[in-house]
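Enquirer:
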Amino acid sequence: MADLTPATVTREQLVDFVLHEARLLDEKRFDEWNALFTDDAIYWVPLTPGQPDGLSHTSHLYEDKLLRDLRIERFKSPRAFSQQPPSRCQHVLQLPGLESRDEAANRFVMRTPFHYSEAQADEMLFLTGVAWHHLCVEGGALRMTLKRVDLINSDAALPAVQLFL
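FYI, the UniProt record's numbering numbers position 64 of the sequence shown as 64, with every residue one higher than the one before it.
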């Protein structure tokens with residue numbers, strides 16, 4: 001199979017990427033999930049609806065590669081006491097939609113409404129929102145340059161989310 005190029009990316013491949021990304025999180029395959037990002041990519045959960053950026057505004061999360069790597073390593077540690085017992089999660093996704101496609105700029109944006117459930121012992125957490133996947137082709141494969149998660153209640157006081165949304 002030939003390497004992917006921006007001109008050969010199909011809608012089906014973009015949808016499959018988003019579904020695969022959620023499955024990796026549900027299965028706690030965090031290293032594989034993190035490898036879906038470009039080296040300069042950001043994982044971002046804004047604090048307020050419509051927040052324009054994560055650098056000049058406070059966010060729930062604004063993680064670059066280093067911060068994602070540190071969180072993933074912490075999950076692997078037996079001294080991660082907040083993960084005793086371990087948390088589990090499940091993403092339920094609506095069909096991802098292609099919001100924009102710019103082959104010349106190598107930029108594809110997917111919009112996916114979701115329900116997220118996280119369980120730890122007797123505690124359950126439910127969140128709902130829209131995930132935005134900004135994708136590009138790098139090294140012949142799709143990669144994320146940004147994952148933005150807009151929670152419908154982002155400006156509310158939220159409990160600690162242990163895993164990745």
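Built from N, CA and C at the ideal position, the CB exists for glycine as well.
DSSP has VAL109 in a bridge; who is on the other side?
Expert: For VAL109, which the question treats as bridged, DSSP gives the partners SER100, HIS134.
Enquirer: Counting only the same chain and skipping the five closest in sequence on each side, list residues whose C-beta sits under 6 Å from that of TYR116.
Expert: So the qualifying residues of the chain are HIS91, LEU127, LEU165.
Enquirer: Taking ASP102 as the reference, give the member of SER87, VAL137, ALA121 with the closest Cα.
Expert: Here the closest residue by C-alpha is VAL137.
Enquirer: Can you give the Cα-Cα distance for HIS133 and LEU151, rounded to whole angstroms?
Expert: Their backbone Cα atoms lie some 14 Å apart in a straight line.
Enquirer: Starting from ASP26 and walking both ways along the alpha helix (DSSP H), at which residues does that stretch end?
Expert: Unbroken alpha helix (DSSP H) run through ASP26: 11-26.
Enquirer: Report buried or exposed for GLN162, applying the criterion of at least 16 other Cβ atoms within 10 angstroms of its Cβ.
Expert: Buried, because 16 or more other Cβ atoms sit within 10 Å of the Cβ of GLN162.
Enquirer: Per DSSP, which one or two residues make a beta bridge with SER117?
Expert: GLN90, PHE126, per the DSSP bridge assignment.
Enquirer: Which residues in the same chain have their Cβ closer than 7 Å to the Cβ of GLU32, if we skip the five residues on either side of it in sequence?
Expert: So the qualifying residues of the chain are LEU24.
Enquirer: Nearest-angstrom Cα distance between VAL9 and ARG107?
Expert: Going from the Cα of VAL9 to the Cα of ARG107 covers about 11 Å.
Enquirer: If you follow the beta strand (DSSP E) that MET95 is part of, which residue opens it and which one closes it?
Expert: Met is not the amino acid found at residue 95; the sequence shown has Leu there. It is not in any beta strand (DSSP E) - LEU95 carries neither H nor E in the DSSP assignment.
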